[in-house]
Structure formats: structure tokens, C-alpha cells
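Read in order, the letters of the sequence shown correspond to residues 897 to 1046 in our numbering.
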Amino acid sequence: MAKLILTHEVTGLGAAGDVVEVKDGYARNYLLPRNFALTWSKGGEKQVESIKAARAAREHASLEDAQKQAAALSSKPVKLVVKAGETGRLFGTVKQGDVADAVEAAGLGRIDKRKVELPTHIKSVGSYQANVRLHEDVAAVIELDVVAGK
């Protein structure tokens, strides 16, 4: 088992600044090459506080702010214009970054693409839902209208 300090939030594992133990292969092949984690050391333990402080600065200032943004995100659907063929099949797939950009373009605030969860692969035109984790205790559901364009 490898002991690591997470530098980014990893779904199902922990948030930035958490010290976790994972299997060696998961650490060596996934977390470390993608810079999601650092190997734990006594010197690295000092970095935990700075990582946690940076995470706190990025997150919403309070639970109330997150709840307000969740209400705004759930209030109206977000239109996402993508390239598609005549049958409605997309050229590619909709990614978390595309959803985050569409939310910002719709004037609903800025969200981190790593906080967006797409339950299914979006490969055709239609209506979909996406989950956004705004705070530890607050999650919002976004209605996506994927339309052909460009």
C-alpha cells in the first residue's frame, strides 16, 4: 500500500490535502502520473496545510453561497450547442469542461469542471441531467439541452 497526499479532489477517494493509502498500482499508474497526488513524506506533511488552505480559498465561502448557486443552477436549463450529424449523433461526446463552459456562458456563475458529474456519456442531441458538487453538503442537478449547431 502506498501512502499519498492528494493534490486534487479524486471522486471516491478524497479531497485535496487528504492523506490516503491506496494500492501501489493505482498510485503508480494513475494518481502520480496525472499529478493528482504526491508521495507522503515528513517534509510533504508540511504541504498538507498549504494544500488545504488553497482548497478552502477555491471553494465557496460558505454553505449559504453554495445553496444560492445550486438554486440558480436548478432553476433553468442550460443550452449546450455542439457539432452533430443529420441524425442527431454528436461528433465526439460532451465532457465536463463543456458543461462548465456552458453554465458560465448562460450567466449562472463559474463552476469547476472537476465538480461536474455526467451519469451517462452524452453522444446525441437531447435533454440530459448533470450533477454538480458545489460544497461538501450541497449538490445541484443541471438540466442540459444539447442541440446541434455550428
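From the three backbone atoms N, C-alpha and C, an ideal C-beta is built for every residue, glycine too. Remember, it's a predicted structure, so these values are computed and weren't measured experimentally.
Rounded C-alpha distance that separates E917 from K979:
Taking the first residue of the sequence shown as position 1, residue 917 is located at position 21. Taking the first residue of the sequence shown as position 1, residue 979 is located at position 83. Rounded to whole angstroms, E917 to K979 spans 42 Å at the Cα level.
With three or more C-beta pairs closer than 8 Å as the rule, is the region 1020-1029 touching the region 978-994?
They touch, by the three-pair rule.
Quick one: using the 10 Å Cβ neighbour count with 16 as the cut-off for buried, is R985 buried or exposed?
In the sequence shown, residue 985 corresponds to position 89, counting from 1. Classification for R985: exposed.
For N931, which residues of its own chain have a beta-carbon under 8 Å away from its beta-carbon, when the five flanking residues on both sides are left out?
As a first step, residue 931 is located in the sequence shown; it is residue number 35 there, counting from the start. Within the same chain, T903 and H904 come within 8 Å of N931 by CB-CB distance, once the 5 residues on both sides are set aside.
Go ahead and label Q965 buried or exposed: buried means 16 or more other beta carbons lie within 10 angstroms of its beta carbon, across all protein chains shown.
Residue 965 sits at position 69 when you count from the first residue of the sequence shown. By the beta-carbon neighbour count (other beta carbons within 10 angstroms, threshold 16), Q965 is buried.
Consult DSSP for N925 and reduce its assignment to one of helix, strand or coil.
Indexing the sequence shown from 1 puts residue 925 at position 29. If DSSP states are grouped into helix, strand and coil, N925 belongs with the helices.
For R874, list the residues DSSP reports as bridge partners.
Nothing in the structure corresponds to residue 874, since the chain is present only between 897 and 1046.
Taking one C-beta from the region 1028-1046 and one from the region 997-1017 each time, how about it: are there three or more such pairs within less than 8 Å?
A contact exists between the region 1028-1046 and the region 997-1017.
Looking at C-alpha atoms only, which residue of T989, E1000 and E960 is the closest neighbour of V974?
If you number the sequence shown from 1, residue 974 lands on position 78. Minimum Cα distance to V974 is reached at E1000.
Three-state secondary structure (DSSP) of K919
As a working note, residue 919 is residue 23 in the sequence shown. The answer is coil: DSSP assigns K919 none of H, G, I, E or B.
Cβ pair D1033, A950 closer than 9 Å
Along the sequence shown, one-based indexing puts residue 1033 at 137. Along the sequence shown, one-based indexing puts residue 950 at 54. No, the Cβ-Cβ distance between D1033 and A950 is not below 9 Å.
Can you check which of these residues, L909, A967 and K899, is closest to L934 by C-alpha distance?
Mapped onto the sequence shown, residue 934 falls at position 38. From the listed residues L909, A967 and K899, the smallest Cα separation to L934 is found for K899.
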